[in-house]
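In the working numbering, the protein residues as written are 7 to 502.
No residue lacks a Cβ here, since even glycine has one placed at the ideal position from N, Cα and C.
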Ligand SMILES: Nc1ncnc2c1ncn2[C@@H]1O[C@H](COP(=O)(O)OP(=O)(O)OP(=O)(O)O)[C@@H](O)[C@H]1O
Ligand SMILES: [Mg+2]
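Put into structure tokens, the structure is as follows:
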């Protein structure tokens with residue numbers, strides 16, 4: 007509070023009614039709820055900065071002034087009593103006690119526009135590609151307006167992702183959100199790169215979150231290539247970036263996808279990886295004192311995943327869509343990892359990459375039996391669904407008898423479906439296999455599947471590829487038994 011000037015003749019007040027005396031003080035007032043724009047650093051532990059004298063909302067953008075004249079950008083991430091907790095966006099070198107902290111912006115905003123296509127930016131929207139600064143058509147809020155779930159357009163159209171095994175056997179719909187589950191080095195990045203080049207989506211937004219820095223350049227130069235980059239926006243925050251930068255990068259690529267969707271574009275959002283996003287949130291939450299819960303992950307991590315993922319999907323009538331692929335690392339190929347578990351529950355499908363198939367040289371190493379596209383029955387024809395289910399049925403039958411076949415203990419003629427699986431297995435594997443430089447359009451994928459399976463008859467069941475076969479195959483070997491009944495009912499719906 008500022009006090010009345012000392013030259014105020016207090017003696018003249020005597021005898022005046024109280025309200026008149028208070029009138030004099032009208033120009034002086036307390037301002038406790040107005041943000042105080044600057045304070046001082048009092049403590050720094052790990053990555054957390056503590057400042058006093060600030061009264062700023064969570065999310066406020068600040069600058070920490072260093073003695074050497076450099077500034078560090080930081081964001082308010084929490085508070086306790088009079089202390090404000092901040093997280094730096096850049097590396098913290100040369101920070102000293104008592105450094106001045108001042109507010110830059112109450113909220114984070116960015117420039118969005120068509121000019122982003124073909125560009126590579128970091129988590130706060132700054133250019134990384136040396137092609138000049140990013141200046142946009144419009145300044146936009148970092149967090150877009152929420153869409154009422156009842157107003158979202160249902161998923162009803164196919165998105166051609168250019169990968170034969172996905173188009174043919176795990177068809178993806180516009181607005182679907184899918185997890186790409188795999189251990190390290192199994193081919194996630196290559197698969198995402200192929201999709202970027204071969205998809206029919208209007209815009210591709212790629213988020214490279216927490217990956218090796220060397221890989222970012224490799225992905226842009228080789229995997230994505232000049233052609234892929236033309237209709238893409240790449241947001242990169244490698245592993246050595248501050249956790250807040252990695253978190254922001256995940257949110258920024260989602261925000262960019264939302265921008266293009268709201269303008270009617272069909273966007274393909276590829277985020278590599280969702281696990282690194284969760285790990286960045288874990289680092290931040292633990293640093294500001296949130297207690298760990300499952301496998302060291304604090305509860306806020308499990309709230310942030312759906313918050314991010316739910317932003318993808320169809321718009322509310324604008325015609326645009328965000329189809330999203332999130333890679334999820336399954337450490338030691340453990341599908342029960344808490345992040346894998348939480349993501350699988352919220353996504354509309356999962357594609358599992360198998361290390362065993364990769365070791366056999368089958369790329370993309372998609373484990374068709376363990377993968378599922380939850381919307382496929384609603385978007386493809388009954389015939390197509392039947393063919394895909396029969397494909398899975400044959401693969402499952404071959405896998406069940408593989409050991410017997412390998413040691414010569416299986417006698418041909420014992421089981422017609424197994425006989426057929428043995429005959430067809432090289433063709434089934436050839437159907438899944440796809441070279442890095444080969445694209446595959448949806449109609450061709452479907453035609454090839456028909457050619458492969460339509461003429462084939464399976465004794466005891468309906469001909470492979472018919473609706474009846476699809477219904478019979480609706481409960482194949484699946485990694486999650488709880489999905490079987492749900493899938494069967496979806497198949498029926500799809501066939502009706
Ligand atoms: N379609 C393909 N054809 C041939 N080889 C492939 C294909 N996909 C992946 N590979 C091989 O697999 C290797 C690893 O792929 P990639 O870098 O995509 O794995 P990753 O899962 O992203 O690994 P990390 O977890 O380390 O990021 C590639 O270097 C390549 O040799
Ligand atoms: Mg990778």
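**Request:** Take residue 346 and list the residues in its own chain whose beta-carbon comes closer than 7 Å to its own, dropping the five residues that flank it on each side.
**Result:** 187, 334, 336
**Prompt:** For residue 453, is the beta carbon positioned less than 7 Å from some heavy atom of ligand 2?
**Reply:** no
**Prompt:** What is the rounded straight-line gap between the Cα of residue 169 and the Cα of residue 83?
**Reply:** 41 Å
**Asked** Applying the criterion that 16 or more other CB atoms from any shown protein chain within 10 Å of the CB defines a buried residue, is residue 304 buried or exposed?
**Response** buried
**Item:** Alpha-carbon to alpha-carbon, residue 64 and residue 156
**Value:** 30 Å
**Asked** Quick one: what does DSSP say residue 183 is sitting in, helix, strand or coil?
**Response** strand
**Message:** ligand 1 and residue 440: does the residue's C-beta get closer than 7 Å to at least one heavy atom of that ligand?
**Reply:** yes
**Item:** Proximity winner among 412, 364, 453, relative to residue 435 (alpha-carbon distances)
**Value:** 364
**Prompt:** Is residue 209 near ligand 1, going by C-beta to nearest heavy atom under 7 Å?
**Reply:** no
**Message:** Helix, strand or coil for residue 73? Go by DSSP, reduced to three states.
**Reply:** coil
**Message:** Can you give me the C-alpha to C-alpha distance between residue 317 and residue 152, rounded to a whole angstrom?
**Reply:** 8 Å
**Prompt:** Since residue 453 sits in a beta bridge, which residues does DSSP pair it with?
**Reply:** Paired residues: none, contrary to the question.
**Message:** Is residue 244 close to ligand 1? I mean its beta-carbon at under 7 Å from any heavy atom of the ligand.
**Reply:** no
**Prompt:** Does DSSP put residue 364 in a helix, a strand or coil?
**Reply:** helix
**Asked** Helix, strand or coil: how does DSSP classify residue 83 here?
**Response** strand
**Prompt:** Taking Cβ to Cβ, would you say residue 174 is nearer than 8 Å to residue 455?
**Reply:** yes
**Prompt:** Within 10 angstroms of its Cβ, does residue 24 collect 16 or more other Cβ (buried), or is it exposed?
**Reply:** exposed
**Message:** Which of the three DSSP states is assigned to residue 174 in this structure?
**Reply:** helix
**Message:** Tell me whether residue 5, by its Cβ, gets closer than 7 Å to a heavy atom of ligand 1.
**Reply:** Since the first residue of the chain shown is 7 and the last is 502, residue 5 is not available in this structure.
**Request:** Classify residue 231 as helix, strand or coil using the three-state DSSP reduction.
**Result:** helix
**Message:** Please report the distance separating the alpha-carbon of residue 228 from that of residue 293.
**Reply:** 37 Å
**Request:** Pull up the CB-CB distance for residue 249 and residue 309, whole angstroms please, since I reckon it's below 8 Å.
**Result:** Contact flag wrong, Cβ pair sits at about 17 Å.
**Message:** So for residue 202, helix, strand or coil by DSSP?
**Reply:** helix
**Prompt:** Do the stretch 53 to 67 and the stretch 84 to 99 touch if we need at least three Cβ pairs shorter than 8 Å?
**Reply:** yes
**Request:** Name the residue from 90, 98, 73 whose alpha carbon lies nearest to the alpha carbon of residue 79.
**Result:** 98
**Prompt:** Taking Cβ to Cβ, would you say residue 326 is nearer than 8 Å to residue 270?
**Reply:** yes
**Message:** Taking only three categories from DSSP, how would you classify residue 95?
**Reply:** coil
**Item:** residue 227 beta carbon near ligand 2 (any heavy atom closer than 7 Å)
**Value:** no
**Asked** residue 4 to residue 260, Cα distance in whole Å?
**Response** Nothing about residue 4 can be read from this structure; the chain reaches only from 7 to 502.
**Message:** Let me check understanding here. Comparing Cα to Cα, which of 221, 377, 21, 417 lies closest to residue 394?
**Reply:** 377
**Prompt:** Just to check, is the beta-carbon of residue 190 closer than 7 Å to a non-hydrogen atom of ligand 1?
**Reply:** yes
**Prompt:** Around the Cβ of residue 38, are there at least 16 other Cβ atoms within 10 angstroms (buried) or fewer (exposed)?
**Reply:** With a pLDDT of only 47 at residue 38, under 50, the local geometry of the prediction cannot be trusted, and no value is derived from it.
**Request:** Mind checking which residues open and close the alpha helix (DSSP H) that includes residue 407?
**Result:** 388 to 412
**Given 8 Å, three or more beta-carbon pairs between the stretch 240 to 258 and the stretch 212 to 224** = yes
**Item:** Where the alpha helix (DSSP H) through residue 283 begins and ends
**Value:** 280 to 293
**Asked** When every heavy atom of ligand 1 is checked, does at least one fall within less than 7 Å of the C-beta of residue 416?
**Response** no
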